[in-house]
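Q: Dumping the structure here so I can ask a few things about it.
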Amino acid sequence: MPIDYSKWNKIEVSDDEDDTHPNVDTPSLFRWRHQARMEKMAQQQQEKEALEKESTNINDQINQLRSKLEDNSIVGEERDSYEKKLDQFVSQLNEWKDKEKKFEEMLKHEPWNVDTISTEKFSKSRINKPKVVDNKPVTAEEAHENMQNVITKYSKEIDLFKKCQNVSEISNYLRNHPELACEEVASCLTLDALNHAILEEDKDLIRVATNTQYIQYIIQLATELKIPPNTSAMVNRFFDKILSNNEAFKKDHEIQLTEFLIRLRNRGAVKREEALKDIEDEEREARIKASPGGIDPQEVMNALPDELKECFESRDMSKMKHVAETMDRDVFKYHFQRCIDSGLWVPGGNDDGAEAHEETAE
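One gets this note's numbering by counting positions in the sequence shown from 1 and adding 50 to each.
Structure, rendered in structure tokens:
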């Protein structure tokens, strides 16, 4: 198949070889020609950008109108108006396609010059990455042991990192202590944040959770790049990246931090309820163990009839005697015996109470 050399017919690269009149300043002429070419290329670039912007605007309008027309609730004149506008924008899009075609045709027939004949179409660099050694623990026991070792080794640094108040302090501290950017420290900080959630220490919770998130970001980025997170190169790369695109990162960070805080607060509420229940169970077991008959005095007190409960709360023995005389004998006997078994009442400790109990027993 013969090779088509026609595309090489028009090449404007012979400025330095052109013959000029002796009275013409050749260098000045070449500079003028080059400047004229550059201005023309800049104008073409502006035209190209204007065409692209026009296309974007037209397509946005078409998409918006089509979205509105998908709503079946829009009827009558309003729908007719949208359809009319849609036809207009579709017509504009067709006109734009014609302009784009003419512009591309014009560029196609432009002669090459010294500035366009050789342009870089793509560039690619390869950097050898350090091999990642997988030292992840196999079992939960090993993971816990590894975390304890890291915490013991860097306890002072971790405590100081918890106190960082903003991204600037976090960045400076981790740049100086990149060894903290690891799963073990992130787990340690998460547990510390959870403790603040359990104790409802919201200010400390937000601070520690925020600092934890930054370590998690570094670990996530390092995982994607397949390099160790706890290195100066990795930490510097992360903070250089987020600080150069601060607004986009800040928006994403706020969303993730909010979700993280919700999980911590919910988990903290559950753990707090579990802790309170454990305390209540321990106190109940202690009360039962201390009672003469193995009955919880708190449960006995709560189960007493109101009039009998009032006697215990006021410690009024005359009321006790009156209740013993007026209450159903079996009911009083049942509750009073439970009071003795639980230790709420000590037989023989008060003559009036003992007398009331003996009267009900007869």
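By construction, the Cβ of each residue, glycine as well, lies at the ideal position given by its N, Cα and C atoms.
Within its chain, find whatever has a CB closer than 7 angstroms to the CB of glutamate 207; leave out the 5 residues flanking it on each side and keep chain order.
A: Residues of the same chain with a CB within less than 7 angstroms of the CB of glutamate 207, apart from the 5 flanking positions on each side, are His227, Leu230 in chain order.
Q: Would you kindly report the start and end of the unbroken alpha helix (DSSP H) that includes aspartate 242?
A: 233-248
Q: Of the residues Lys147, Ala92, Asn222, which one's Cα is nearest the Cα of leucine 293?
A: Asn222
Q: For aspartate 290, which option in Asp302, Ser131, Leu307, Ile268 has the closest C-alpha, if you only look at C-alpha atoms?
A: Ile268
Q: Measuring straight from C-alpha to C-alpha, what distance separates glutamate 251 and glutamate 99?
A: Approximately 54 angstroms, taken between the alpha carbons.
Q: Within the same chain, show all residues whose beta-carbon is closer than 8 angstroms to that of lysine 242, passing over the 5 residues directly before and after it, in chain order.
A: Residue identity check: residue 242 is aspartate in the sequence provided, not lysine. Excluding residues within five positions, the ones whose Cβ falls inside 8 angstroms are Lys212, Val258.
Q: Using 10 angstroms around the beta-carbon of isoleucine 248, count the other beta-carbons present and answer buried if the total reaches 16, otherwise exposed.
A: buried
Q: Near glutamine 263, what residues of its chain come up, given a Cβ to Cβ distance below 8 angstroms and the 5 sequence neighbours on each side ignored?
A: His303, Gln306, Leu307, Phe310
Q: Using the C-alpha atoms, what's the distance from proline 347 back to methionine 196?
A: According to the sequence shown, residue 196 is asparagine rather than methionine. Between asparagine 196 and proline 347, the C-alpha separation is close to 47 angstroms.
Q: What would DSSP say about histidine 227, mapped onto helix, strand or coil?
A: Histidine 227 carries a coil assignment under DSSP once its states are collapsed to helix, strand and coil.
Q: What's the C-alpha gap between leucine 115 and valine 125?
A: Looking at the backbone, the Cα of leucine 115 and that of valine 125 are separated by about 14 angstroms.
Q: Going by other Cβ atoms of all chains shown within 10 Å of its Cβ, with 16 needed for buried, is leucine 210 buried or exposed?
A: The residue is exposed, with fewer than 16 neighbouring Cβ atoms inside 10 Å.
Q: With a Cβ-Cβ cutoff of 8 angstroms, do leucine 136 and isoleucine 108 count as a contact?
A: No, they are not a contact pair.
Q: Given this structure, state the Cα-to-Cα distance separating serine 453 from tyrosine 132, to the nearest angstrom.
A: The question about residue 453 has no answer here: the residues shown for the chain are numbered 51 through 412.
Q: With burial defined as no fewer than 16 other Cβ atoms inside 10 Å of the residue's Cβ, what is the status of asparagine 280: buried or exposed?
A: Asparagine 280 comes out buried.
Q: Provide the residue span of the alpha helix (DSSP H) that contains tryptophan 146, from first to last.
A: Element bounds for tryptophan 146: 126-158.
Q: Take arginine 337 and list the residues in its own chain whose beta-carbon comes closer than 7 angstroms to its own, dropping the five residues that flank it on each side.
A: Asp346, Pro347, Gln348
Q: Just confirm the distance between the C-beta atoms of valine 373 and phenylalanine 382, as a whole number of angstroms; I'd bet it's less than 8 angstroms.
A: 7 angstroms
Q: Rounding to the nearest angstrom, what Cα-Cα distance links leucine 119 and histidine 194 in this structure?
A: 59 angstroms
Q: Whole angstroms is fine: what's the gap from leucine 354's alpha carbon to lysine 321's?
A: 33 angstroms
Q: To which residues of the same chain is alanine 272 closer than 6 angstroms at the C-beta, ignoring the five residues directly before and after it?
A: Pro279, Met284
Q: Label alanine 92 either buried or exposed according to how many other C-beta atoms from any shown protein chain fall within 10 Å of its C-beta, with 16 as the threshold for buried.
A: exposed
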